[in-house]
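Q: Mind looking over this structure? Questions follow.
Protein chains: 2
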Amino acid sequence: MNTYPNFKFTVNHRASDSRARTGLYETPHGSIETPAFIFCATKAAMKGIAPTDMRAANTQIILSNTYHLMLNPGSERVAKAGGLHKFMGWDGPMFTDSGGFQIFSLGHGSVAEEIKGKRSGSRNKSLVKITEEGAHFRSYLDGSKHLLTPERSIQIQRELGADLIVVLDECTPFHVDKRYTERSMLLSHRWALRSYDEFARHNDGKQALYGIVQGGVYPDLRKIGTDFVNSHDFFAHAVGGSLGATKEQMYDVVGMTMENLDPKRPVHLLGIGGISDILNGVEQGIDTFDCVHPTRLARHGGALLRPSLHPEVKPNRREHINLRNAIFQEDFNPIDPECACSTCQNFSRGYLHYLLKAQELLAMQAISIHNVFTMNRLLTDIRHGISNNNLAQVKQYWLAS
Amino acid sequence: MNTYPNFKFTVNHRASDSRARTGLYETPHGSIETPAFIFCATKAAMKGIAPTDMRAANTQIILSNTYHLMLNPGSERVAKAGGLHKFMGWDGPMFTDSGGFQIFSLGHGSVAEEIKGKRSGSRNKSLVKITEEGAHFRSYLDGSKHLLTPERSIQIQRELGADLIVVLDECTPFHVDKRYTERSMLLSHRWALRSYDEFARHNDGKQALYGIVQGGVYPDLRKIGTDFVNSHDFFAHAVGGSLGATKEQMYDVVGMTMENLDPKRPVHLLGIGGISDILNGVEQGIDTFDCVHPTRLARHGGALLRPSLHPEVKPNRREHINLRNAIFQEDFNPIDPECACSTCQNFSRGYLHYLLKAQELLAMQAISIHNVFTMNRLLTDIRHGISNNNLAQVKQYWLAS
Chain A
1 MNTYPNFKFT
11 VNHRASDSRA
21 RTGLYETPHG
31 SIETPAFIFC
41 ATKAAMKGIA
51 PTDMRAANTQ
61 IILSNTYHLM
71 LNPGSERVAK
81 AGGLHKFMGW
91 DGPMFTDSGG
101 FQIFSLGHGS
111 VAEEIKGKRS
121 GSRNKSLVKI
131 TEEGAHFRSY
141 LDGSKHLLTP
151 ERSIQIQREL
161 GADLIVVLDE
171 CTPFHVDKRY
181 TERSMLLSHR
191 WALRSYDEFA
201 RHNDGKQALY
211 GIVQGGVYPD
221 LRKIGTDFVN
231 SHDFFAHAVG
241 GSLGATKEQM
251 YDVVGMTMEN
261 LDPKRPVHLL
271 GIGGISDILN
281 GVEQGIDTFD
291 CVHPTRLARH
301 GGALLRPSLH
311 PEVKPNRREH
321 INLRNAIFQE
331 DFNPIDPECA
341 CSTCQNFSRG
351 YLHYLLKAQE
361 LLAMQAISIH
371 NVFTMNRLLT
381 DIRHGISNNN
391 LAQVKQYWLA
401 S
Chain B
1001 MNTYPNFKFT
1011 VNHRASDSRA
1021 RTGLYETPHG
1031 SIETPAFIFC
1041 ATKAAMKGIA
1051 PTDMRAANTQ
1061 IILSNTYHLM
1071 LNPGSERVAK
1081 AGGLHKFMGW
1091 DGPMFTDSGG
1101 FQIFSLGHGS
1111 VAEEIKGKRS
1121 GSRNKSLVKI
1131 TEEGAHFRSY
1141 LDGSKHLLTP
1151 ERSIQIQREL
1161 GADLIVVLDE
1171 CTPFHVDKRY
1181 TERSMLLSHR
1191 WALRSYDEFA
1201 RHNDGKQALY
1211 GIVQGGVYPD
1221 LRKIGTDFVN
1231 SHDFFAHAVG
1241 GSLGATKEQM
1251 YDVVGMTMEN
1261 LDPKRPVHLL
1271 GIGGISDILN
1281 GVEQGIDTFD
1291 CVHPTRLARH
1301 GGALLRPSLH
1311 PEVKPNRREH
1321 INLRNAIFQE
1331 DFNPIDPECA
1341 CSTCQNFSRG
1351 YLHYLLKAQE
1361 LLAMQAISIH
1371 NVFTMNRLLT
1381 DIRHGISNNN
1391 LAQVKQYWLA
1401 S
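Take a look at the structure:
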C-alpha cells in the first residue's frame, strides 16, 4: 500500500556535470517545480506580505513554524479555522517543521550564556531539557512548561494541516564532540520511528512525512544517518544536524550526505538561503531550500542583488545592497534594473532609503517583496539552467562581481 | 486669462432635498468623481500600503503633508526625484497641505502643556511663534529652527508638485475668544494673498490653489471668511479653522460656511473622516474629505463596519469593531461579509485578531486595506445615492444600528 497516494516526485532533468536536477513535486495543494525555495511565514504570516502578493512574486511554497504556532494561537484553534491554509489564506503547498529547531536553539543559547558566565537570577536555568520521552521546554511567551514528544509534534502538525511535515529530531549544536553527535543521532532515529508510527496511525493521505539525516560533520555518522532514512518509509528527506562551522565544511557535509541519499526522494536542505549556498546545494542535488534570510534581510534594509549590479558598493562580493547606506539617498533608479517585481516597477532606491530612515512600514514590505521575487527568479534561472545544460552560466550570472 | 487651464470642476447632479452634489474634478493626473475621500500618505507613503494596493482598493486621490516632507527628505530631494508622484510611485491626483496644521498643532500642544503646569527643562518653550512674516518653529526631528512663510509654503508645495495645493493659514485652536479668532482670520487672509501672489508668479498650470475659510464658530466671521475666498482667484475652497467642540457645532459651522461659498468651486472639509460626519458633510455640499482616521484606526485594530453588521458588539452605535477584542478569537468570518476587499476575501476576523496579538505587520496592512476600501465604498454609495435621488437610503444603510 502506498503511504503517500496524493504525493508524487518526478525527476525531469539531470545535469551532466553535477547532481543538479529539476523535478515536479506534486502535493494536495498543487505542484512545485524544483529546485524551489520555501519562504518562512514563521507565525502563519509572511511579515508584511499578503499571500496574494507572495503569489504575484511567483512563490510556490511557504512554511510555518510549529514551535510558534503550538504556543500561539495553538494548533487546536488553527484546526477550528480549517487548518493553516484556510487560517492564513494561502492555498498553495505548505511545509511545517517539527518544532524542535526553535526549542533547541533557545535551549543552546541559554547554555551558551552559562558558559560565558552570564548568569543572572532565573536566567541560569536551561530553557530546554532532553529526555528519551521528548524535549521539555518553557514558552518564550509566558514561561509556561511544555513537553514536545515525537508523537505530540506529529499531532500538532496534523492539526495544522501542512502538506509536508517533519519528524522531531534533536538539533545538535555546533562544537559538540563525535560521541555526543552519535548519541544524539541515535536518539533522533528513535524519535523518527515514533514520529512515523504516530503519522501512520492517522494517515489520511493529506500529508507527507520527511525523515531527517543527522550525523554532524562525520562521514561515518552521516552514512548511518542516510542509511537510516533510506531504509524507512519517508516520502522525502531533509539534511539536518550540524553542517559545520564554515561554508567549505557545509559544502562537504551536504556532499557526503547527498552521495548516499535515495535519489528517488526529494531532499530539503534546512535553513540555508544565501545565493551562492543555494547554487552549491543545487549542484549537490538539493531540491528545496528554506531560510528566513531573504525576508529578515529586507526588514533591515538589505535588498538582494547580484554583485555585478552594484559595483559602486565596496566590497561588492555581497549578494545584497543595504538601502540604509547614504550613497542611495539620491539614487532614483530601481533596486535592480533587470527586476520585474512590483517594488522595482514602482519605487527607487532613493525612495526606499528615505522610507527606511522615516521608519515607514512600506519599506520593509517593499524590500521583502523584491527579495522574495528575486529568490524565485534565482530558482527559476537555476531550473532553466539545469534543463538547458547551462547551469554554469547561471552561476556566473548570479555570482560574478 | 484662466489661472487654472488644466483643472476643471463640473457639477453633474444635485440632490433635491439637500446641498449634496456629485461632480467630476479634472486634474493633470486624472479625474476624481466627487464626493471623494482623500487618504493621508502623511510622509509620502501610506503606512503599509503600496500605491498599487491603494488603486486596487478604488482610491482616487491621496495627500501628503508638507510639514513632514519639508523636514525629511526635504522638498529639494523630492524635486530631484521628479516630484512627489514619481518619488512615491503614485500616478493619480495628489493634494498637499500648507504645512501649517502640524506646526500649529505641535505649538498649541506645547501651550496646552504649559497651562496644565507640565513644565520641565527646555520643554516649557513653545514650539511655535507666529509673526506677520510667518510661523517660526522647531523641527520635531532634531529641534532645528525653521520659518515657514506663505511664500515658502507655496515654494515647497511647488517643488513637491502635488496637483492640489493650499495657502498657508494660522490654524486657530479651540477655546480662543472671538477677538483672537478675528485677528487670526485677518492674518490668514493676508497670508492667503501672499500665498496666491507667490503661486501666480510661477504658475505653470500644473497646480490648483485652495483658499481656506476661517472664522471659527462665529457666523459673522464665517461670512467675512467666505466672502474673502469667493472674491479671490482660488480654484477651490477648504473649510478650515475651529469647527467647534461638538458634532452638532461642527455641523452648524459647516452649514453656515457652505451657505455662502461660491457653488461653482469644489469644497474640501479638512480633517473629517467619520462615516456619519461624511454623510452630514455631503448633505452640506462638501465635495472632498480627508482624515487619518481610517488608516490610524486600522493600525490599532479597528475595522470599519456599519453598525447593523456587528449586533454582537455592545454598544453597537460605533462605526467599527476592534479586532483585538477576544470575542473575535474564533470568529472565522470575514470582517464584513458584504465587502469585496482583498482582506475580506482572504482573511477572517479570527486570523486578524491573532495577527494583532502576535504583533504581525500583516495585521495593520490588511485592516488598513479594508478600511480604505470601505471608505471608497461609502463614497461610491454616496455618489450613487445622490445621482439616484436616494441618499437618505444610503444614509440609513450605513448608519442604522
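If you read the protein sequences in the order shown, they are chains A and B.
Residue numbering for the first sequence follows the numbering used here, beginning at 1 and increasing consecutively.
Residue numbering for the second sequence follows the numbering used here, beginning at 1001 and increasing consecutively.
Ideal placement from N, C-alpha and C gives every residue a C-beta, glycine not left out.
Being a predicted model, the structure only gives us computed values, none of them experimental.
(1) Select from the segment 1361-1375 of chain B all residues with a C-beta closer than 9 Å to any C-beta belonging to chain A, and list them in chain order.
(2) What residue does the alpha helix (DSSP H) around Y67(A) start on, and which one ends it?
(3) Within a Cβ cutoff of 7 Å, which residues of the same chain sit near W1191(B), ignoring the five residues on either side of it in sequence?
(4) Where does G951(B) land, buried or exposed, given buried means 16+ other C-beta within 10 angstroms?
(5) Drop a sphere of 10 angstroms on the beta-carbon of G1089(B), count the other beta-carbons inside from all chains shown, and report buried for 16 or more, exposed for fewer.
(6) Mapping the DSSP letters down to three states, classify D381(A) as helix, strand or coil.
(7) With DSSP collapsed to three states, give me the class of V167(A).
(8) Can you look up M1094(B) in the DSSP assignment and give me helix, strand or coil?
(9) Can you check whether the C-beta of F1289(B) is within less than 8 Å of a C-beta belonging to chain A?
(10) Counting only runs that start and end within the segment 177-233 of chain A, where is the beta strand (DSSP E) found for 3 or more residues in a row?
(11) Look up A1238(B) in the DSSP assignment and say whether it is helix, strand or coil.
(12) If we count the other Cβ atoms within 10 Å of its Cβ and call it buried at 16 or more, is M1185(B) buried or exposed?
(13) Give a yes or no on whether 8 Å exceeds the smallest Cβ distance from P1073(B) to chain A.
(14) Classify K395(A): buried if its beta carbon has 16 or more other beta carbons within 10 angstroms, exposed otherwise.
(15) Measure the alpha-carbon distance for L404(A) versus R1383(B) and round it to whole angstroms.
(16) Out of E1076(B), F1087(B) and Q1060(B), state which residue places its alpha-carbon closest to the alpha-carbon of P950(B).
(17) Counting along the chain, where does the alpha helix (DSSP H) carrying Y251(A) start and finish?
(18) Given a threshold of 16 other Cβ atoms within 10 Å of its Cβ, counted over all protein chains shown, does F174(A) qualify as buried or as exposed?
(19) How many Å lie between N1390(B) and Y1354(B) at the Cα?
(20) For the candidate residues E1159(B), S1098(B) and H1085(B), whose alpha-carbon lies nearest to that of P1028(B)?
(21) Output yes or no for whether 8 Å exceeds the beta carbon distance between F87(A) and Y1025(B).
(22) Leaving out the 5 sequence neighbours to the left and right, which residues in its chain are closer than 7 Å to S1320(B) when beta-carbon positions are compared?
(23) From which residue to which residue does the beta strand (DSSP E) around E1026(B) run?
(24) Please report the straight-line C-alpha distance between G1161(B) and G1281(B), rounded to a whole angstrom.
(25) When burial is assigned at 16 or more other CB atoms within 10 Å of the CB, is P307(A) buried or exposed?
(26) Pull out every residue of the segment 247-262 of chain A whose Cβ sits closer than 8 Å to any Cβ of chain B, in chain order.
(27) With a threshold of 8 Å between beta carbons, is F1347(B) in contact with chain A?
(28) Contact between the segment 1008-1020 of chain B and the segment 1042-1057 of chain B: three or more CB pairs below 8 Å?
(29) Decide if the segment 1248-1255 of chain B is in contact with the segment 1134-1146 of chain B; the criterion is three or more beta carbon pairs, one per stretch, under 8 Å apart.
(30) Does DSSP classify A1135(B) as helix, strand or coil?
(31) Identify which residue in H237(A), Q102(A), M258(A) and H370(A) has its Cα closest to the Cα of C344(A).
(32) Considering only DSSP beta bridges, list what K8(A) is partnered with.
(33) Among the candidates R1077(B), N1002(B) and F1095(B), whose CA atom is the shortest distance from the CA of I1032(B)?
(34) Rounded to the nearest angstrom, what separates G1099(B) and V1292(B) at their Cα positions?
(35) According to DSSP, what are the bridge partners of K145(A)?
(36) Say whether chain B places a C-beta atom closer than 8 Å to the C-beta of Y351(A).
A: Well, looking at it:
(1) L1361, L1362, A1363, M1364, Q1365, A1366 and I1369
(2) T66 to L71
(3) P1150, V1167, L1168 and D1169
(4) The structure shown has nothing for residue 951(B), since chain B only spans 1001 to 1401.
(5) buried
(6) helix
(7) coil
(8) strand
(9) no
(10) 208-213
(11) strand
(12) buried
(13) yes
(14) buried
(15) As displayed, chain A neither begins before 1 nor continues past 401, which places residue 404(A) out of reach and without an answer.
(16) Residue 950(B) cannot be examined here, being either before or after the span of chain B that is shown, 1001 to 1401.
(17) K247 to N260
(18) exposed
(19) 40 Å
(20) H1085(B)
(21) no
(22) One detail in the question is off: residue 1320(B) reads as His in this sequence, not Ser. Within the same chain, H1320(B) has close Cβ partners L1297, G1302, A1303, L1304 and L1305.
(23) R1021 to T1027
(24) 28 Å
(25) buried
(26) none
(27) yes
(28) no
(29) no
(30) strand
(31) H370(A)
(32) E26(A)
(33) F1095(B)
(34) 16 Å
(35) R138(A)
(36) yes
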